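Visitor: Chains as they are written, first to last, in our numbering: chain A, 1 to 422; chain B, 423 to 844; chain C, 845 to 1266.
Sharing a structure, written as structure tokens. Questions coming.
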Amino acid sequence: MIGKLMYTWANDLFPINRSLTGEGVRQTLNYINKLIPNLSIYEVPTGSNAFDWVVPNEWTVRDAYIADEFGNRIVDFKTHNLHVIGYSEPIDIWLNRQELDSYLYSLPEQPNAIPYVTSYYERRWGFCLSHNQRLAMPSGLYHVLIDSDLKPGVLNYAELIIPGEINEEIFISTYICHPSMANNELSGPVVTTALAQWLNSLKNRRYTYRIVFIPETIGSIIYLSKNIDQLKKRVIGGFNITCVGDERCYSFLPSRAGNSLSDDVAQHVLKYTDKNYKRYTWLDRGSDERQYCSPGIDLPIATIMRSKYGEYPEYHTSLDDLSFITPSGLEGSLMALQRAINIIEKNIYPKVTRLCEPHLSKYGLYSTLSSKNLDHQIQTMMNLITYCDGSYSLLEIANLINEPFWELIPIVNKLKANGLLS
Amino acid sequence: MIGKLMYTWANDLFPINRSLTGEGVRQTLNYINKLIPNLSIYEVPTGSNAFDWVVPNEWTVRDAYIADEFGNRIVDFKTHNLHVIGYSEPIDIWLNRQELDSYLYSLPEQPNAIPYVTSYYERRWGFCLSHNQRLAMPSGLYHVLIDSDLKPGVLNYAELIIPGEINEEIFISTYICHPSMANNELSGPVVTTALAQWLNSLKNRRYTYRIVFIPETIGSIIYLSKNIDQLKKRVIGGFNITCVGDERCYSFLPSRAGNSLSDDVAQHVLKYTDKNYKRYTWLDRGSDERQYCSPGIDLPIATIMRSKYGEYPEYHTSLDDLSFITPSGLEGSLMALQRAINIIEKNIYPKVTRLCEPHLSKYGLYSTLSSKNLDHQIQTMMNLITYCDGSYSLLEIANLINEPFWELIPIVNKLKANGLLS
Amino acid sequence: MIGKLMYTWANDLFPINRSLTGEGVRQTLNYINKLIPNLSIYEVPTGSNAFDWVVPNEWTVRDAYIADEFGNRIVDFKTHNLHVIGYSEPIDIWLNRQELDSYLYSLPEQPNAIPYVTSYYERRWGFCLSHNQRLAMPSGLYHVLIDSDLKPGVLNYAELIIPGEINEEIFISTYICHPSMANNELSGPVVTTALAQWLNSLKNRRYTYRIVFIPETIGSIIYLSKNIDQLKKRVIGGFNITCVGDERCYSFLPSRAGNSLSDDVAQHVLKYTDKNYKRYTWLDRGSDERQYCSPGIDLPIATIMRSKYGEYPEYHTSLDDLSFITPSGLEGSLMALQRAINIIEKNIYPKVTRLCEPHLSKYGLYSTLSSKNLDHQIQTMMNLITYCDGSYSLLEIANLINEPFWELIPIVNKLKANGLLS
């Protein structure tokens, strides 16, 4: 199944040491390019400006460890890439236990988790480890080594344009800048990859699809700085895809405006996919929607998630691993996004072609025997028709009559086939 | 009282075998014409088109029964006209018990009720009976006879125009196509008849009243097809009158738009007539509002009811008989409709003629002694005045200050008499 | 503290026998003029017209008592000025106990309270006393004397204009026409006096402040009749200051429109000052907002109170004395009004100067180390920025992000200092 396939991709991508820049990002994009061959991969040089921001140095880390005085590696980047702070500068030094302590990061309240820590914009070095491991480190001398570079290079991102009948676009964004973490982040690129394959496979697409795989924050800012005019002109809806791998819940985060087509669509899909889905507000934002919906940018981007970043205990630790996400968690998210896109594609403003109710039994669409109760299917058809005045979209009608959008499509088709809807 | 009178009319009309067409409709309209002499009765020939519909054949049934092999009539149209399916075609046949069964209709969950079944638009025949009676029919041979006609004829309806000072109209509709059932349907035409007599008796009417007695669905569609231009130009409010005979509750069904004057008026009346009235939605519709509010027709028609069609167990069975409705049930409904019409007639946009509060004690409208508490009557007067800025209708003011519209009328008159309102 | 000072003023003003007109009003205004020297005191002659009203005679009372047949004063105006009905005409008469009774006013349900009663617009005389005292008055003869005048004179009020950078005005009104009562009324003028001193002391004021001390109702009507054109042109917000002395609760009464700047500001202040504040509606109005918000006047005046007039048992009785109000009750009210004025003064429409989120760490406004949790202060700054699109006022943003307006001011200043807001 597609869920298992996505899980395999996540498994392959998991060990790569991604960061904002560098070899890990390139390996990740190359892997995805094999799955979606028509990807365009861009590079932006260190020092390039993007609004208030500047592309940082490219970071490379070859080795990093803390060893005891006998040379035993106590904390080793090669066993888990979360052990070294993202963008750590190179260091090679002997410190005693107490001196070392100010370079260590751990979570007392989650003593078995290695935290994820970065320092992109200030030179720093440090190691992350479980709190239990930290407590177990005896006094003595330690050899600390980080064999890393921070040198001018490039920042990479990928873009895929899937053309449709019209130039108006659906914009899909996901990020590829976190090391070995599964829900936040690998669920995002693998579900986006499957979505791209599905969109490519569709025979008819009304809208053009613009899909980007970028480093979070700096990547979306760079992408916006290069494409904002076109995006503002063309994008009529879209989604930031993140945290779509587990099975604990579905959740929704609105756009800043809160009333865009994407918001309406996402809420409709989630209402009929998981009636207990969690609703967050714009105040809970935390991913690239921060840029896409910022003042003056104002793209109509909403977010459909499973367990939201910042809201599950495993978030940004080594516990957000491949056991946290599941094939069916990924597949449910993919289905929700496909439903959302199908709604945008098929969201017509239907208009009935007859004054008064059509004589449905004439078309074989109504029981010829009238008694006390009406079949639910017929009732739904009549409820649909009663709002087909050309002023309501099919999505608005679905909300008005409390039916999932996708169950109205066959009814619309039947009515169209009988000439009853235009 | 008027309640008892209305009940008498219902009693007279009960035995008549009404259907969409035929002698029963004509007898019913003639009876009503004696109570409201200026009724215009129209006929529309079989085969006439009305939007998506066609006027059906006229149906006549002279006799119908199931007899056992000894000639005993087991099920007999002459004992209850619900026993034969509406629009049954003629039949004269001998069948055994098992063959007969597929032509029988009963309600296992209401074993003493004869259901009401029709087949207007497909030729069919059948008998309705209580489930207990059905179970008691032994095996053996049965003689089935329906002496009926389905022949080109006419469909009848009646219209009454009661002129007012202006051409804008209040539209009142009720239906006269159901055989012996009381709440749905006879309560409708008898309350409408009393309402018409009352409207005729009024000395001043601002609005013109258009009242129709029609067969449900096909009748309203025919009426609309003939009068839609004038209706759309003139009708500013109105009510479909149905299910107004019992005392179990009051209920409200909105227009499709839900925010018309009729909706506001009906909800105000019901709020102050029965604070526990039931509120239905447009999705619960089921009578001629389906046509009056359909896309492109969009008349502002709401519905004030007692127990709503489809919502009480006796509905569309022989249990909806004269014991289900009462004189005071009918009278309460009439009063609610009269209140609604009075509101529409008197819904001015009052404007106070003074800046700041008027000096009410100068006009004898306020206590000259000021102490802790204010009389409720005076408080209501001051609450009314404070919203008389010409932007709120009297109905909106009544809602804002939580008082029944009809209790504001004497206050408005007093203020006008003192020159304080224009 | 300012609370104690305001309480001292209330203490000084308490014994004065104020009414709509007369020496008590003048003494009160003169006292306030010593605290705010630039007050303009106006007089309007008896008989002057103001909309539907006429300035009444000036009332003077020198002595008033009920004495028993031995000359013992049983009820004496000199012991409490509530004992005589406001605007009592002169009388000098002997009555027996029963005759006297129809001129006595007491409250059976509050047997120790002297009620406050007036008869401004109908000649009348009477005495108010506690119900216990009334019951204790034996049969016998009583000598009743009221040494009062009702003669043409003047009605006085005071106005203070404190100029600001622009001509648009904040309008503050309070009343000075009640005899010895503390919450309703002295809390009003003393808090208004402190507010005026504070406004005078401010170095920068954007708005011009118009502050009036007037007799209730007739005073506001007169003031409006003289100043309505200017008020309608200039006033953008304001407050009626009444019942601001006790500590039982905070409360809010909206303007008639309910959605003015003053309403929004008052509700924001109260939400973050006392989350359990009471919300009244326009139907609960009872002071000069009745005139300021009347049809055609429509000034944007809301009311921030402690225990509202008419809603606490001591209201309009001798129990509303100096023990009912407190220094900290007065001070809390003053602070709430200062907060409200500060919001109006500083309610800009901020606009961020960068597309996408500013790179806050560049300005030292953000942690350079990214881990699981974000500091509340930084989160608030980012929440503020995300709504700085020039379309939301700072007050609207404060409501959107659930922070008190006054806590956003230092953040706005920091962002402005870094060139991030315009």
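Note that the Cβ used here is the ideal one computed from N, Cα and C, for glycine as well.
No experiment lies behind these values; they were computed from the predicted model shown.
(1) Using CA coordinates, which residue listed in C:Arg1100, C:Met1179, C:Ser1099 and C:Arg1092 is at the minimum distance from C:Glu1158?
(2) If contacts are defined as beta-carbon pairs under 8 Å, then C:His1160 and C:Tyr960 qualify, I think. What distance do you get, rounded to the angstrom?
(3) Using three-state DSSP, classify B:Met757 as helix, strand or coil.
(4) Taking the alpha-carbon positions, what's the B:Tyr623 to B:Ile424 distance?
(5) Give the list of continuous beta strand (DSSP E) stretches no shorter than 3 residues that lie fully inside the region 899-948 of chain C.
(6) Quick one: what's got a C-beta closer than 8 Å to A:Leu224's C-beta in the same chain, skipping five residues either side?
(7) C:Tyr964 and C:Tyr931: beta carbons closer than 8 Å?
(8) Taking buried to mean at least 16 other C-beta atoms within 10 Å of its own C-beta, is A:Ile166 buried or exposed?
(9) So is the beta-carbon of B:Ile568 under 7 Å away from any non-hydrogen atom of the ligand ADP?
(10) Rounded to whole angstroms, how far is the Cβ of B:Val613 from the Cβ of B:Met727, which I believe are closer than 8 Å?
(11) Please list, in chain order, the chain A residues whose beta carbon lies closer than 7 Å to that of C:Pro1202.
(12) Taking B:Val774 as the query, report the chain C residues whose CB atoms sit under 9 Å from its CB, ordered along the chain.
(13) Near C:Trp1042, which residues of its chain fall below 7 Å by C-beta distance, leaving aside the five closest residues on each side in sequence?
(14) Enumerated in chain order, which unbroken segments of the alpha helix (DSSP H) with a length of 4 residues or greater are wholly contained in the region 861-891 of chain C?
(15) Identify whether B:Tyr579 lies in helix, strand or coil by the three-state DSSP scheme.
(16) Let me see if you follow: with CB-CB separation under 8 Å, is A:Asp375 close to chain B or not?
(17) I'd like to check one pair, C:Ile1016 with C:Ile1055: are the Cβ atoms closer than 8 Å?
(18) Spatial neighbours of C:Glu1133 within its chain, please: C-beta separation below 8 Å, excluding the five flanking residues on both sides.
(19) Less than 8 Å between the C-beta atoms of A:Lys470 and A:Leu365, yes or no?
(20) Are the C-beta atoms of C:Ile1005 and some chain A residue less than 8 Å apart?
(21) Can you give the Cα-Cα distance for C:Met981 and C:Ala957, rounded to whole angstroms?
(22) Would you say B:Ser755 and B:Tyr731 are within 8 Å of each other, going by their C-beta atoms?
(23) Beta carbons nearer than 7 Å to chain B: which residues of the region 1045-1067 of chain C have them?
(24) For C:Pro955 versus C:His975, is the C-beta distance shorter than 8 Å?
(25) Just to confirm before moving on: does the CB-CB distance between A:Pro350 and A:Leu394 stay below 8 Å?
(26) Taking only beta-carbon atoms, is C:Tyr1331 less than 8 Å away from chain B?
(27) Give me the chain A residues within the contact set of B:Thr540, using Cβ-Cβ distance strictly less than 7 Å, ordered along the chain.
(28) Tell me the residue span of the alpha helix (DSSP H) that contains C:His987.
(29) So which of C:Thr1230, C:His927, C:His1220 and C:Glu1251 has the shortest CA-CA distance to C:Lys1190?
(30) Which residue marks the beginning of the beta strand (DSSP E) containing C:Glu1201, and which one marks its end?
(31) Touching or not, the region 3-23 of chain A and the region 179-186 of chain A, by the rule of three or more beta carbon pairs under 8 Å?
(32) Since C:Phe971 and C:Tyr947 should fall inside the 8 Å C-beta cutoff, what is the C-beta to C-beta distance between them, to a whole number of angstroms?
(33) Give me the chain C residues within the contact set of B:Leu837, using Cβ-Cβ distance strictly less than 9 Å, ordered along the chain.
(34) State the DSSP-derived secondary structure class of C:Asp1219, mapped to helix, strand or coil.
(35) Measuring only the C-alpha atoms, how far is C:Ser1151 from C:Ile1058?
(36) So is C:Arg1183 in contact with chain B if we call contact Cβ pairs under 8 Å?
Guide: Once the coordinates are examined:
(1) One-based indexing of the third sequence puts residue 1158 of chain C at position 314. Comparing Cα-Cα distances from C:Glu1158 to each of C:Arg1100, C:Met1179, C:Ser1099 and C:Arg1092, the minimum goes to C:Arg1092.
(2) The residue given as residue 1160 of chain C occupies position 316 in the third sequence. The residue given as residue 960 of chain C occupies position 116 in the third sequence. Correct: roughly 4 Å between the Cβ atoms.
(3) Within the second sequence, the letter at position 335 stands for residue 757 of chain B. In this structure, B:Met757 counts as helix in the three-state DSSP scheme.
(4) Indexing the second sequence from 1 puts residue 623 of chain B at position 201. Indexing the second sequence from 1 puts residue 424 of chain B at position 2. Here the sequence assigns Ser to residue 623 of chain B, which means Tyr is not the residue at that position. So the two alpha carbons sit approximately 14 Å from each other.
(5) 902-912, 917-920 and 935-940
(6) Start at 1 with the first residue of the first sequence, and residue 224 of chain A comes out as number 224. Result list for A:Leu224: Ala50, Phe51, Leu231, Gln291, Tyr292 and Ile297, in chain order.
(7) Your numbering for residue 964 of chain C matches position 120 in the third sequence. Your numbering for residue 931 of chain C matches position 87 in the third sequence. Against a cut-off of 8 Å, the Cβ pair of C:Tyr931 and C:Tyr964 comes out as a contact.
(8) To locate residue 166 of chain A, count along the first sequence from 1; it is residue 166. Result: exposed.
(9) Absence of the ligand ADP from the depicted structure is noted, as is the absence of any ligand whatsoever, leaving it without description.
(10) Residue numbering aside, residue 613 of chain B sits at position 191 when the second sequence is read from its first letter. Residue numbering aside, residue 727 of chain B sits at position 305 when the second sequence is read from its first letter. No, B:Val613 and B:Met727 are not in contact; Cβ-Cβ is about 11 Å, not under 8 Å.
(11) Sequence index remark: in the third sequence, residue 1202 of chain C carries index 358 (1-based). Those are Asp52, listed as they occur along chain A.
(12) For the purposes of this step, residue 774 of chain B is identified with residue 352 of the second sequence, where counting begins at 1. Going along chain C in sequence order, the residues near B:Val774 (Cβ under 9 Å) are Ser1138, Pro1139 and Gly1140.
(13) Sequence index remark: in the third sequence, residue 1042 of chain C carries index 198 (1-based). Around C:Trp1042: Gln1182.
(14) 867-879
(15) In the second sequence, counting from the first residue as 1, residue 579 of chain B sits at position 157. In the structure shown, B:Tyr579 sits in a strand (DSSP, three-state: E or B).
(16) Reading the first sequence from its first residue, position 375 is the one you call residue 375 of chain A. Chain B, which has no Cβ nearer than 8 Å to the Cβ of A:Asp375, makes this no.
(17) Working through the third sequence from its first residue, we reach residue 1055 of chain C at position 211. Working through the third sequence from its first residue, we reach residue 1016 of chain C at position 172. Yes, the Cβ-Cβ distance between C:Ile1055 and C:Ile1016 is below 8 Å.
(18) Taking the third sequence and counting its residues from 1, the one referred to as residue 1133 of chain C is at position 289. Same-chain partners within the cutoff: Asn1084, Leu1097, Ser1099, Arg1100, Ile1145, Ala1146 and Thr1147.
(19) Because chain A spans 1 through 422 in this model, residue 470 of chain A falls outside it and cannot be assessed.
(20) As a position in the third sequence, residue 1005 of chain C is number 161, starting the count at 1. Answer no: the Cβ-Cβ gap between C:Ile1005 and chain A never drops below 8 Å.
(21) As a first step, residue 981 of chain C must be located in the third sequence, where it is residue number 137. As a first step, residue 957 of chain C must be located in the third sequence, where it is residue number 113. If I take the Cα positions, the gap works out to 16 Å.
(22) Counting from one through the second sequence, the residue named residue 755 of chain B turns up at place 333. Counting from one through the second sequence, the residue named residue 731 of chain B turns up at place 309. Against a cut-off of 8 Å, the Cβ pair of B:Tyr731 and B:Ser755 comes out as no contact.
(23) Ile1065
(24) In the third sequence, the residue the question calls residue 955 of chain C occupies position 111. In the third sequence, the residue the question calls residue 975 of chain C occupies position 131. Cβ atoms of C:Pro955 and C:His975: closer than 8 Å.
(25) In the first sequence, counting from the first residue as 1, residue 350 of chain A sits at position 350. In the first sequence, counting from the first residue as 1, residue 394 of chain A sits at position 394. Yes, Cβ-Cβ distance for A:Pro350 and A:Leu394 is below 8 Å.
(26) This structure does not reach residue 1331 of chain C, given that chain C is present from 845 up to 1266, and the question cannot be answered.
(27) The residue given as residue 540 of chain B occupies position 118 in the second sequence. In chain order: Ser370.
(28) In the third sequence, counting from the first residue as 1, residue 987 of chain C sits at position 143. Taken as a continuous stretch (DSSP letters only), C:His987 belongs to no alpha helix (DSSP H), being part of the beta strand (DSSP E) at Leu985 to Lys995.
(29) Working through the third sequence from its first residue, we reach residue 1190 of chain C at position 346. Closest option to C:Lys1190, Cα to Cα, is C:Glu1251.
(30) The residue you call residue 1201 of chain C lines up with position 357 of the third sequence. Neither: C:Glu1201 is in no beta strand (DSSP E) and is coded neither H nor E.
(31) yes
(32) Within the third sequence, numbered from 1, the residue matching residue 971 of chain C stands at position 127. Within the third sequence, numbered from 1, the residue matching residue 947 of chain C stands at position 103. The pair is a contact, with the Cβ atoms about 6 Å apart (cut-off 8 Å).
(33) What you label residue 837 of chain B is simply residue 415 of the second sequence in a count that begins at 1. Under the 9 Å cutoff, chain C gives no residues; its nearest Cβ is about 12 Å from B:Leu837.
(34) As a working note, residue 1219 of chain C is residue 375 in the third sequence. If DSSP states are grouped into helix, strand and coil, C:Asp1219 belongs with coil.
(35) The sequence position of residue 1151 of chain C within the third sequence is 307, counting from 1. The sequence position of residue 1058 of chain C within the third sequence is 214, counting from 1. Those two C-alpha atoms are separated by around 21 Å.
(36) For the purposes of this step, residue 1183 of chain C is identified with residue 339 of the third sequence, where counting begins at 1. No, its Cβ sits nowhere closer than 8 Å to a Cβ of chain B.
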